Amino acid sequence: MGTYRLSAVGRASARDYDAGMQQKVFLVTGMTCSHCVTAVRTEIGRIPDVERVDVDLGSGQVTVDARGGLDQEAVRAAVEEAGYELAG
Ligand SMILES: [Cu+2]
1153 MGTYRLSAVG RASARDYDAG MQQKVFLVTG MTCSHCVTAV RTEIGRIPDV
1203 ERVDVDLGSG QVTVDARGGL DQEAVRAAVE EAGYELAG
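Residue numbering for the sequence shown follows the numbering used here, starting at 1153 and increasing by one per position.
Here it is in structure tokens:
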């Protein structure tokens, strides 16, 4: 899984170097303040292999970096556990 690219200069970029990392963006509805953001980050962060969770409160965009495959249903369950909903 994930993309593999050869750098034009033959040198791996930071992203290519960490070839096992996968980034996915989700849309979460219902977050209104920094506590909501913390709750969502905490719950998604508990999913195995998740390395980083970025939440943009304004747009509801949640960016998740995970090692290997990331199960959308696991993310959905985590978001719901935090008390919010995954759009779509
Ligand atoms: Cu809140």
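C-beta atoms are modelled at their ideal positions from N, C-alpha and C, and glycine is treated no differently.
Predicted model only: the values in this text are computed from it and were never measured.
Sixteen is the threshold: since fewer than 16 other Cβ atoms of the shown chains lie within 10 Å of the Cβ of R1204, the residue is exposed. A distance criterion of 7 Å places the beta-carbon of T1215 beyond contact range of ligand 1, judged by its closest non-hydrogen atom. Contact fails between the segment 1181–1192 and the segment 1216–1224, because fewer than three Cβ pairs, one in each stretch, are under 8 Å apart. Taking a contact as a CB-CB distance under 8 Å, the pair V1202 and I1196 counts as one, their CB atoms being some 6 Å apart. Contact check for Y1236 and V1192: beta-carbon distance about 6 Å, within the 8 Å limit, so the pair qualifies. With fewer than 16 neighbouring CB atoms inside 10 Å of its own CB, V1177 falls in the exposed class.
The beta carbon of R1228 lies closer than 7 Å to those of L1238 in the same chain, with the five residues before and after it left out. Judged by their CB atoms, Q1174 and T1215 are not nearer to each other than the 8 Å cut-off.
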